[in-house]
Amino acid sequence: MIQGIDFSFRRYSLALTTATLAALVLIGCDNSTTGTRTGTASKVLYLISNSATPGQNAVLGYTRAADGSLTAMAGSPFLTGGTGVANPTQGLGPDDVDFAVATSSDHKQLFAVNPGSNTIAVFDIAENGSLTSVAGSPFSSNGINPVSVAVDGNYLLVVNKAQDPAQPTTQLPNYATLAIAADGSLSPVPGAKVETVAGASPQMVLLSPSKSLFFGADFMAPIAPSPAGSLRSFTLASDGTFAPAPGTPLNIPGDSALAQLVLGLAVHPTQNILYVGFVTQNKLGVYNFDSGTGALTFRTSVANSGQAICWITTNATGSAIYTVDTGDNSMSWYDATAPLAPVEDQHLLLKNPGPSYMNAMGMPVPTSQAFQEALTPDGKFLYVVSQHTNPDFTAANGNVLHALAVAADGSLSEPGTPVALPVDTHTRPWGLVAF
40 MIQGIDFSFR RYSLALTTAT LAALVLIGCD NSTTGTRTGT ASKVLYLISN SATPGQNAVL
100 GYTRAADGSL TAMAGSPFLT GGTGVANPTQ GLGPDDVDFA VATSSDHKQL FAVNPGSNTI
160 AVFDIAENGS LTSVAGSPFS SNGINPVSVA VDGNYLLVVN KAQDPAQPTT QLPNYATLAI
220 AADGSLSPVP GAKVETVAGA SPQMVLLSPS KSLFFGADFM APIAPSPAGS LRSFTLASDG
280 TFAPAPGTPL NIPGDSALAQ LVLGLAVHPT QNILYVGFVT QNKLGVYNFD SGTGALTFRT
340 SVANSGQAIC WITTNATGSA IYTVDTGDNS MSWYDATAPL APVEDQHLLL KNPGPSYMNA
400 MGMPVPTSQA FQEALTPDGK FLYVVSQHTN PDFTAANGNV LHALAVAADG SLSEPGTPVA
460 LPVDTHTRPW GLVAF
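Going by the working numbering, 400 is the number at position 361 of the sequence shown; the sequence numbering is gapless.
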């Protein structure tokens, strides 16, 4: 316990001391102008392998059956022309990301990060789901270590994390906008870049439903050498430029810097509500946002019975919230019929957690730990990536993909066996998009 906060869930292999943390710091789119097809792919799923072998990062494609089961797509993996990141210490930050893959709203183009080579790959999506690189791909991300993308019309929002252990840099992490040309090529938008503090470890970019705002989570900013708030909000103009909202960056409630770390964001689909993962507090935070200025107002936080609440999504109506609880490889389902006061109704341990290992606090944690998630458009299936987090790379491979069934009442079950992903234990796949 540290100042009343239980860190026994932490999956990391290094102690959370100031010195260790300092060392770790060192170490839906409207772009439908492209494509001439009348049909679009459906019942598919994509994530990236995140292979750190130079030039071997790839998009892993799967087709989805009526029962939610997955089959590797013909031609998969699809090389991105770039490189992923390795995390040899399994440390805090490098793999704490969301939305590494995004598609256009017409599902005719796919964008994927190359976090170890500072580029974004762009693919055309065929009607059968297979991918073909556009001419000139991959393109510069306008920063170091891109980890998250979101598409807004003819613009691509990018988070450059600047925390690749293989790329020590003095460049600061940033949020940036790239223009998407008719042929799919990307180029920086002049004046559309905002830097954050060194060591902030920004982990995602999330558009509001109106696409006039976006939100970010600077995971480690409260414990960075020059501390800052971890929660960000921006107003987004029609030319791709953006500006910080009043109060940005914002600290979440917490009695210490470690208590103020944020992982995971989700917006309510119809109301001005932002859900925030209070990762070290095991709580789901609830905020309102001003639809004009983007200013955030804290409303409440509610308990999470898992360990290390991280990534968050809602169903299409906002009546259900699903959180990934990384520390114990689990999921939580919240009844959000009262959206400002969600209630956790289920905590589900995922299958095949693998052998336990001792974390920095001397507590056993599973080798396979849940990270990103994606809900299908019909709301019937939820897919979750679990990564091999064990610093013992000889342990059984924990990189798997879970297919969860969503019942009519919103509850979750895992009827089948997780799919083994085609990567080794030194690699941690990122994702996830399903449609």
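Ideal Cβ placement from N, Cα and C applies to all residues, glycine included.
* **For M397, the nearest candidate out of M370, A256, I164, P430 (CA to CA)** => M397 has its Cα closest to that of P430, out of M370, A256, I164, P430.
* Just mark V382 as buried or exposed, buried being the case when its beta carbon has 16 or more other beta carbons within 10 Å. => Here V382 is exposed: its Cβ has fewer than 16 other Cβ atoms, across all protein chains shown, within 10 Å.
* Asked: Buried or exposed: E412, going by 16 or more other Cβ atoms within 10 Å of its Cβ?
  -> By the neighbour-count rule (16 or more Cβ atoms within 10 Å), E412 is buried.
* Asked: Does DSSP put G175 in a helix, in a strand, or in coil?
  -> In the three-state scheme derived from DSSP, where H, G and I count as helix and E and B as strand, G175 is classed as coil.
* To do: Report yes or no: do the stretch 360-374 and the stretch 316-330 share at least 3 C-beta pairs separated by less than 8 Å?
  => When Cβ pairs closer than 8 Å are counted between the two stretches, the stretch 360-374 is seen to touch the stretch 316-330, the count reaching three or more.
* To do: Could you give the DSSP three-state label for I183: helix, strand or coil?
  => Of the three classes helix, strand and coil, the one that applies to I183 here is coil, per DSSP.
* To do: Determine the burial state of N167: buried for a count of at least 16 other Cβ atoms within 10 Å of its Cβ, exposed for fewer.
  => Exposed is the call here.
* Check G366 in the structure and name its three-state DSSP category. => Residue state, collapsed to three classes: helix.
* Where T274 falls, given that 16 or more other Cβ within 10 Å makes a residue buried -> So T274 counts as buried.
* To do: Assign D257 to one of two classes, buried (16 or more other C-beta atoms within 10 Å of its C-beta) or exposed (fewer than that).
  => The C-beta of D257 has 16 or more other C-beta atoms within 10 Å across all chains shown, which makes the residue buried.
* Asked: Per DSSP, what kind of secondary structure is I291 in: helix, strand or coil?
  -> In the three-state reduction of the DSSP assignment, I291 falls in the coil class.
* Asked: Going along the chain, which residues of its own chain have a beta-carbon closer than 6 Å to the beta-carbon of V363, five neighbours each way excluded?
  -> For V363, same chain residues with a beta-carbon under 6 Å away, outside a window of 5 residues either side, are C349, W350, A409, E412 in chain order.
* **Run of the beta strand (DSSP E) containing T235, from where it starts to where it stops** => Counted as a single uninterrupted DSSP element, the stretch harbouring T235 is not any beta strand (DSSP E), since DSSP gives it neither H nor E.
* To do: Please state if the CB of Y85 and the CB of V472 are separated by a distance shorter than 9 Å.
  => Going by C-beta atoms, V472 is nearer than 9 Å to Y85.
* Taking I87 and A139 to be in contact with their CB atoms under 8 Å, please state how far apart those CB atoms are, rounded to whole angstroms. => At roughly 5 Å, the Cβ-Cβ gap stays under 8 Å, so I87 and A139 are in contact.
* Looking at the unbroken beta strand (DSSP E) that takes in R271, where does it start and where does it end? -> 270-275 is the span of the beta strand (DSSP E), which, as asked, contains R271.
* Asked: Taking three-plus beta-carbon pairs below 8 Å as touching, is the stretch 85-105 in contact with the stretch 117-128?
  -> The stretch 85-105 and the stretch 117-128 touch, with no fewer than 3 CB-CB distances between them shorter than 8 Å.
* Per-residue DSSP class, three states only, for P261 -> The three-state reading of DSSP puts P261 in helix, counting H, G and I together.
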